[in-house]
Amino acid sequence: LDFFLRNSLLFSNTVALGNHEFDNGVDGLIKPFLQSVNFPVLSANIKPDAYLAPNITGYYKPYHIFTVGSEKVGVVGYTSKETPLLTSSGPHLIFEDEVEALQREVDKLKTLKIKYIIALGHSGFETDKRIAKEVKGVDIVVGGHTNTFLYTGTPPSNDVPAGKYPYMIKSNDGQNVPVVQAYAYGKYLGYLKVTFDNAGKVTKAEGNPILLDSNIIQDPAILREVNEWKKPLAHYSKEIIGQTLVYLNGTNVECRYRECNMGNLICDAAVYEYIRNPDEMYWNQVTSCIVQGGGIRSAIDERANKGMITLEDLSNVLPFGGTFDMIAIKGSVLKAAFEHSVRRYGGNTGEFLQVSGIHVSFDLSRNPGERVVLLEILCADCRVPHYEPVENQKIYKIVVNSFMAGGGDSFSMLKNENLKHDIGSMDVKVVSNYIKQRGRIYPAVEKRISFTGSGTRISINHINFLLMCVLIFALYFHI
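Quick note: the sequence shown uses this note's numbering, first residue 1, plus one each step.
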């Protein structure tokens, strides 16, 4: 990789390690990245074991001290302790609790008479707020991972703020600590102005993310570099990633009403992305996935192009550029999500759920909110995986797309009642990697989703009748 862009044009100060830095394993972090950059890389809560320490020590550090005018400013890094569950960090790195690790390093900085301390990290907004409240001596928290959009006043785009910018926290020792994130994907540039008194205490914090739209003049040097990077991507959309032996049914009339094999493929790929090393209690932390049918936008015809699947095909199926995230929810919340998925069944709405690692049965003759008659999930805390009834109070880790995790399609329970939310990899990348590993695929419809009751038969027969009418109309008028 060419790090001219990163070293010379973008990073002027420092960065903190995040979970995605480990997507290609530790070797994929050390050799192409850590050994090449010329700015400090930080994380206070990642510790290598004796095996890895000789190879990674010195390439990142817990904190860095900057001189700003006549003052010293300490920046302490942190990384999500859930990283081993989210990516390929391997067995030789220990991810400590963020608060405990940060307090240890902040205490060191205070011993060195550093008056101003910034915590910079990638653990999510809830952890950012916890750090601001519990780590004594931190003046500012700059976070990431949850792509949280904060804004004071009227936002410059259609992004909905999760709170004011900055989000102020009263720490346990009575200090006002501003917490900021600036969404994701380079859409905004965070801007924060903080005023301190002579004792080094925050007296004022103000600012807002700056929307990087067409009103912002493009930097000529970066633009030239971006144009160079575009050249090898010219044939990206034509890259063949595998072959399907069967029709991948991703149509609205299938995936919004019943189990579809495209939904099975997507969810199976999402679960496989989260397969990690087992421990004494769990063969894997995640066994199941739910994805709304409205997020599946196209089919792939096995009779076209000899069944070859391209990245362009997958981009048509999953065109929104989302991620597959992991959330922790109670069984009662999972059941509520399935009740919501059939609340408006038959109206061609997008919330009907496709699944992996789940068996669900609906009775549409019942009133909305009472239609789930069976809900089983593949066990994680077992030696031989099998399906067992979902328990209301038990906590389950589920893979969902980022749209649903954010409450999209009115899945507000997944946003408001999740106990943990970790952002994963891009959806097209996850599915393409899954197909590449297999070469040829043939996903089936496997009775993961079923219907019982007379009302169900009436509803499904009504849908089939409508489809028949459409077919007759098409044949008669040759459309």
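All C-beta atoms, glycine included, are put in the ideal place defined by N, C-alpha and C.
_Run of the beta strand (DSSP E) containing S288, from where it starts to where it stops_ = Translated into positions along the sequence shown, residue 288 becomes position 288. Residues 288 to 292.
*Given L10, which residues of its chain have a CB within under 7 Å of its CB, disregarding the five upstream and five downstream residues?*
On the sequence shown, residue 10 is found 10 positions in, with the first residue counted as 1. Note that L10 scores 46 on pLDDT, short of 50, meaning its location in the model is unreliable and no value can be drawn from it.
*Cβ distance (whole Å) where I30 is taken to contact I46 below 8 Å*: Against the sequence shown, residue 30 aligns to sequence position 30. Against the sequence shown, residue 46 aligns to sequence position 46. That belief does not hold up - the Cβ atoms of I30 and I46 are roughly 13 Å apart, past 8 Å.
*From what residue to what residue does the beta strand (DSSP E) around G242 run?*
Locating residue 242 in the sequence shown gives position 242, where the first residue counts as 1. Unbroken beta strand (DSSP E) run through G242: 240 to 244.
_According to DSSP, residues forming a beta bridge with S450_ = Looking up residue 450 in the sequence shown gives position 450. Bridge partners of S450: S361.
*Alpha-carbon spacing of G124 relative to G144, whole angstroms*: What you label residue 124 is simply residue 124 of the sequence shown in a count that begins at 1. What you label residue 144 is simply residue 144 of the sequence shown in a count that begins at 1. Distance between the alpha carbons of G124 and G144 is about 6 Å.
_H122 - DSSP class collapsed to helix/strand/coil_ = One-based indexing of the sequence shown puts residue 122 at position 122. Note: H122 maps to strand in three-state DSSP.
*Contact the stretch 163 to 179 vs the stretch 78 to 90: 3+ CB pairs below 8 Å*: no
*Using a threshold of 8 Å, state whether the C-beta atoms of G357 and V291 are closer than that.*
In the sequence shown, counting from the first residue as 1, residue 357 sits at position 357. In the sequence shown, counting from the first residue as 1, residue 291 sits at position 291. Between G357 and V291, the C-beta spacing is not below 8 Å.
*asked:* Mapping the DSSP letters down to three states, classify M262 as helix, strand or coil.
replied: Your numbering for residue 262 matches position 262 in the sequence shown. Judged by DSSP in its simplified three-state form, M262 adopts helix.
*Measuring CA to CA, which of L17, G28, A50 is closest to F39?*
Taking the first residue of the sequence shown as position 1, residue 39 is located at position 39. Proximity to F39 across L17, G28, A50 peaks at L17, based on C-alpha coordinates.
*Assign M326 to one of three DSSP states: helix, strand, or coil.*
Reading the sequence shown from its first residue, position 326 is the one you call residue 326. M326 falls in the strand class under three-state DSSP.
*Can you give me the start and stop residues for the beta strand (DSSP E) that T203 sits inside?*
The residue labelled residue 203 in the question sits at position 203 within the sequence shown. Note, T203: beta strand (DSSP E), 202 to 207.
*Give the DSSP-derived three-state secondary structure of E376 in the structure shown.*
In the sequence shown, residue 376 corresponds to position 376, counting from 1. DSSP places E376 in strand when its eight states are reduced to three.
*Return yes when the Cβ of V142 is within less than 8 Å of the Cβ of L102, no when it is not.*
As a working mapping, residue 102 is identified with position 102 in the sequence shown. As a working mapping, residue 142 is identified with position 142 in the sequence shown. Not in contact: L102 and V142 (Cβ atoms no closer than 8 Å).
_Proximity winner among G407, Q285, E273, L245, relative to A304 (alpha-carbon distances)_ = The residue labelled residue 304 in the question sits at position 304 within the sequence shown. It is L245 whose Cα lies nearest to the Cα of A304.
*For the putative contact between F324 and G295, defined by C-beta atoms under 8 Å, what is the C-beta separation to the nearest angstrom?*
Taking the sequence shown and counting its residues from 1, one reaches residue 324 at position 324. Taking the sequence shown and counting its residues from 1, one reaches residue 295 at position 295. That belief does not hold up - the Cβ atoms of F324 and G295 are roughly 11 Å apart, past 8 Å.
_F39 in three-state terms, based on DSSP_ = To locate residue 39, count along the sequence shown from 1; it is residue 39. In the structure shown, F39 sits in coil (DSSP, three-state: anything other than H, G, I, E or B).
*asked:* Pop quiz: D49 and I94 are said to be a contact at Cβ under 8 Å. What is the actual Cβ separation, rounded to whole angstroms?
replied: Taking the first residue of the sequence shown as position 1, residue 49 is located at position 49. Taking the first residue of the sequence shown as position 1, residue 94 is located at position 94. Contact flag correct, Cβ pair sits at about 7 Å.
*Go ahead and pull the three-state DSSP assignment for T310.*
One-based indexing of the sequence shown puts residue 310 at position 310. Strand.
*Determine, using beta carbons only, whether Y60 comes closer than 8 Å to chain D.*
Structure shown: chain D not included; a single protein chain is present.
*Could you check the C-alpha separation between A199 and Q175 for me, to the nearest Å?*
As a first step, residue 199 is located in the sequence shown; it is residue number 199 there, counting from the start. As a first step, residue 175 is located in the sequence shown; it is residue number 175 there, counting from the start. Those two C-alpha atoms are separated by around 12 Å.
*the ligand SAH heavy atom lying under 7 Å from the CB of Y387*: With respect to small molecules bound, the structure shown includes none, and the ligand SAH cannot be examined in it.
*Roughly how far, in whole angstroms, is the beta-carbon of R448 from the beta-carbon of E259, given that I think they are within contact range, below 8 Å?*
Locating residue 448 in the sequence shown gives position 448, counting from the first residue. Locating residue 259 in the sequence shown gives position 259, counting from the first residue. 5 Å between Cβ atoms; contact.
*Sorted by chain position, which residues of the same chain lie with C-beta nearer than 8 Å to Y63's C-beta, five sequence neighbours on each side aside?*
Position 63 of the sequence shown, counted from the first residue, corresponds to residue 63. Excluding sequence neighbours, Y63 sits near L42, A44, G74, V75, V76, G77, E105, K108, L109.
*What residues are listed by DSSP as bridge partners for D422?*
The sequence position of residue 422 within the sequence shown is 422, counting from 1. Looking at the DSSP assignment, D422 forms a beta bridge with M326.
*Around the C-beta of D301, are 16 or more other C-beta atoms found within 10 angstroms, so that it is buried, or is it exposed?*
If you number the sequence shown from 1, residue 301 lands on position 301. Exposed, because fewer than 16 other Cβ atoms sit within 10 Å of the Cβ of D301.
*V317, DSSP secondary structure in three states*: Counting from one through the sequence shown, the residue named residue 317 turns up at place 317. In this structure, V317 counts as helix in the three-state DSSP scheme.
*Cβ of D139 within 8 Å of Cβ of F149?*
Walking along the sequence shown from the start, residue 139 turns up at place 139. Walking along the sequence shown from the start, residue 149 turns up at place 149. 8 Å or more divides the Cβ of D139 from the Cβ of F149.
*Candidates V15, F22, T14, N13, of which the one nearest G424 by Cα*: Translated into positions along the sequence shown, residue 424 becomes position 424. Checking every option, the nearest Cα to that of G424 belongs to F22.
*Between which two residues does the beta strand (DSSP E) carrying Q354 extend?*
Against the sequence shown, residue 354 aligns to sequence position 354. Residues 353 to 356.
*Of the choices I329, N261, L353, whose alpha-carbon is the least far from that of A444?*
In the sequence shown, the residue the question calls residue 444 occupies position 444. The residue with the shortest Cα to Cα distance from A444 is N261.
*If we count the other Cβ atoms within 10 Å of its Cβ and call it buried at 16 or more, is Q393 buried or exposed?*
Here residue 393 corresponds to residue number 393 of the sequence shown, with the count starting at 1. Taking all protein chains shown into account, Q393 has fewer than 16 neighbouring C-beta atoms within 10 Å of its C-beta and is therefore exposed.
*Rounded straight-line distance, which links the Cα of N284 to that of E273*: Mapped onto the sequence shown, residue 273 falls at position 273. Mapped onto the sequence shown, residue 284 falls at position 284. Those two C-alpha atoms are separated by around 11 Å.
*Beta-bridge partners of M168, as assigned by DSSP*: To locate residue 168, count along the sequence shown from 1; it is residue 168. Beta-bridge pairing links M168 to P178.
*asked:* My output table needs one value for A299: the three-state DSSP class, helix, strand or coil.
replied: Reading the sequence shown from its first residue, position 299 is the one you call residue 299. The three-state reading of DSSP puts A299 in coil, since its state is none of H, G, I, E or B.
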